[in-house]
Amino acid sequence: MMSSNIRTIAVIGAGLMGHGIALTMARAGYDVTITDPVAEARASVIERIRQSMKAMGVADGEIDAAAARVSVADTMAEAVGNADAVFEAAPEKLPLKQSIFAEVEANAPEHCILASNTSVIPITEIMKDLKLKGRALGTHWWNPPHMIPLVEVVKTEWTEHDNAQAMMDILQKSRKTPVLVEKDVPGFIGNRLQHALWREAISLVEKGICDAEGVDTVIKSCFGRRLSVLGPLENADLVGTDLTLDIHNTVLADLEDRKGPSPYLEKLVAEGKLGMKSGEGFRKWTPEEADAVRNRVATHLRKLEGILEE
Numbered sequence: 150m151m152s153s154n155i156r157t158i159a160v161i162g163a164g165l166m167g168h169g170i171a172l173t174m175a176r177a178g179y180d181v182t183i184t185d186p187v188a189e190a191r192a193s194v195i196e197r198i199r200q201s202m203k204a205m206g207v208a209d210g211e212i213d214a215a216a217a218r219v220s221v222a223d224t225m226a227e228a229v230g231n232a233d234a235v236f237e238a239a240p241e242k243l244p245l246k247q248s249i250f251a252e253v254e255a256n257a258p259e260h261c262i263l264a265s266n267t268s269v270i271p272i273t274e275i276m277k278d279l280k281l282k283g284r285a286l287g288t289h290w291w292n293p294p295h296m297i298p299l300v301e302v303v304k305t306e307w308t309e310h311d312n313a314q315a316m317m318d319i320l321q322k323s324r325k326t327p328v329l330v331e332k333d334v335p336g337f338i339g340n341r342l343q344h345a346l347w348r349e350a351i352s353l354v355e356k357g358i359c360d361a362e363g364v365d366t367v368i369k370s371c372f373g374r375r376l377s378v379l380g381p382l383e384n385a386d387l388v389g390t391d392l393t394l395d396i397h398n399t400v401l402a403d404l405e406d407r408k409g410p411s412p413y414l415e416k417l418v419a420e421g422k423l424g425m426k427s428g429e430g431f432r433k434w435t436p437e438e439a440d441a442v443r444n445r446v447a448t449h450l451r452k453l454e455g456i457l458e459e
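Under the numbering used here, the letters of the sequence shown match residues 150 to 459, in that order.
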């Protein structure tokens, strides 16, 4: 499939991720059809798309034009019947995703590229029962999908090169930053890196080396400030691979390397300390404090979006 032949996009799922993917595709000029098994989600999705673009500072004329490119379908067959590419954005449940793609394959044209949005489920497992596996791949969008540039494009052992390249082209046209993941491994690239950091962060608190606020302060006030412009391997080359090797010879043996989840994390969950939604996790949170964090992140992302749009 050539990206120049792709004009119509179907999105399965009208929640937070699905509406953001549909918004992104519509802004790029694609005709988008979105569906969801929940009638309320279908009824509200166009307005939510409009509100998300408004929050991003998109001009009214562009909001109207993008919203006009999105139509809502009541059934899967209606949504994918004429699609050139399908993005699935259903909950993170393997049997559900497998059943969705069985239905999509039964109703979508044979040339249609099939993409699953998942954070950690292996794409190979999702797509293993399809008849035409060469057109299937993963696209891991990050939340919120209409504001975070990265999309990981994940190949399985069956994914045809032309289809992976066409997806990369679609995403680039949509002002995203796609990265090709050549091997389908759990967590892909981003979540493997992110949760390696989280494992060590939790371990520092668990062992009484510092508290949760200390961990977050160190990251936000130090290397976190440069991560958006200096990746870890760029940094290793900047300081020198020889110095990096010296540091690793000293510190790696002492880093957390357990294969399973932290007992401390398991204890928090067992005690109902689920984070901001319950008022306490690694730290205690009032509703006002939790809202302040969400607003701070949203404001930061809007500022970055403004820079990207200049």
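Backbone N, C-alpha and C define an ideal beta-carbon position, used for all residues, glycine too.
Small disclaimer: the values here were computed from a predicted structure and weren't measured.
I'd like the span of the beta strand (DSSP E) that includes residue i, first residue to last.
{"i": "T134", "result": "The chain is shown only over 150 to 459; residue 134 falls outside these bounds and no answer can be derived."}
{"i": "F431", "result": "Unbroken run through F431: none, as it is neither H nor E."}
{"i": "I170", "result": "I170 -> not in any beta strand (DSSP E); alpha helix (DSSP H) instead, spanning 165 to 176."}
{"i": "F236", "result": "234 to 237"}
{"i": "T182", "result": "180 to 184"}
{"i": "S265", "result": "262 to 265"}
Between the C-alpha atoms of residue i and residue j, what's the straight-line distance to the nearest angstrom?
{"i": "T305", "j": "R218", "result": "31 Å"}
{"i": "E458", "j": "A238", "result": "A caution first: E458 carries a pLDDT of 47, below 50, which makes its placement in the model too unreliable to give a value."}
{"i": "I396", "j": "K325", "result": "35 Å"}
{"i": "G357", "j": "V303", "result": "38 Å"}
{"i": "L172", "j": "A264", "result": "17 Å"}
{"i": "P294", "j": "Q321", "result": "14 Å"}
{"i": "I351", "j": "P436", "result": "23 Å"}
{"i": "G421", "j": "G430", "result": "8 Å"}
{"i": "A441", "j": "K433", "result": "14 Å"}
{"i": "M95", "j": "T399", "result": "Any question about residue 95 goes unanswered here, given that the chain covers just 150 to 459."}
{"i": "V378", "j": "G339", "result": "16 Å"}
{"i": "A315", "j": "P327", "result": "11 Å"}
{"i": "L279", "j": "S370", "result": "47 Å"}
{"i": "R374", "j": "I368", "result": "8 Å"}
{"i": "R443", "j": "L376", "result": "20 Å"}
Could you spell out where the alpha helix (DSSP H) holding residue i opens and where it closes?
{"i": "V400", "result": "390 to 400"}
{"i": "T273", "result": "272 to 276"}
{"i": "S248", "result": "243 to 256"}
{"i": "V418", "result": "412 to 419"}
Taking 8 Å as the cut-off, decide whether the C-beta atoms of residue i and residue j are in contact.
{"i": "A313", "j": "L329", "result": "yes"}
{"i": "L165", "j": "M296", "result": "no"}
{"i": "A402", "j": "M425", "result": "no"}
{"i": "A257", "j": "V229", "result": "yes"}
{"i": "L243", "j": "I270", "result": "yes"}
{"i": "S411", "j": "E355", "result": "yes"}
{"i": "D333", "j": "T267", "result": "no"}
{"i": "F337", "j": "E362", "result": "no"}
{"i": "V235", "j": "I319", "result": "no"}
Does DSSP classify residue i as helix, strand or coil?
{"i": "V194", "result": "helix"}
{"i": "V207", "result": "coil"}
{"i": "L457", "result": "Because L457 sits at a pLDDT of 49, beneath the cut-off of 50, its placement in the model cannot be relied upon, and the following sentence gives the value as read from the coordinates. In this structure, L457 counts as helix in the three-state DSSP scheme."}
{"i": "T157", "result": "strand"}
{"i": "G424", "result": "strand"}
{"i": "A447", "result": "helix"}
{"i": "M440", "result": "Note on identity: in this sequence residue 440 is Asp, with Met being the wrong assignment. If DSSP states are grouped into helix, strand and coil, D440 belongs with the helices."}
{"i": "G162", "result": "coil"}
{"i": "S370", "result": "helix"}
{"i": "D406", "result": "coil"}
{"i": "E189", "result": "helix"}
{"i": "S268", "result": "coil"}
{"i": "S377", "result": "coil"}
{"i": "K280", "result": "coil"}
{"i": "R218", "result": "coil"}
{"i": "E383", "result": "helix"}
Against chain C, does residue i count as a neighbour if the rule is that its beta carbon must be under 8 Å from one of theirs?
{"i": "K433", "result": "Reference to chain C is not applicable here, since this structure consists of a single protein chain."}
Closer than 7 Å to a non-hydrogen atom of the ligand FMN - does that hold for the CB of residue i?
{"i": "A285", "result": "Among the components of this structure there are no ligands whatsoever, and the ligand FMN is therefore not found."}
Sequence ranges, alpha helix (DSSP H) only - wholly within the stretch 282 to 368, length at least 4: As far as the stretch 282 to 368 is concerned, its whole alpha helix (DSSP H) runs of at least 4 residues are 310 to 322, 339 to 355.
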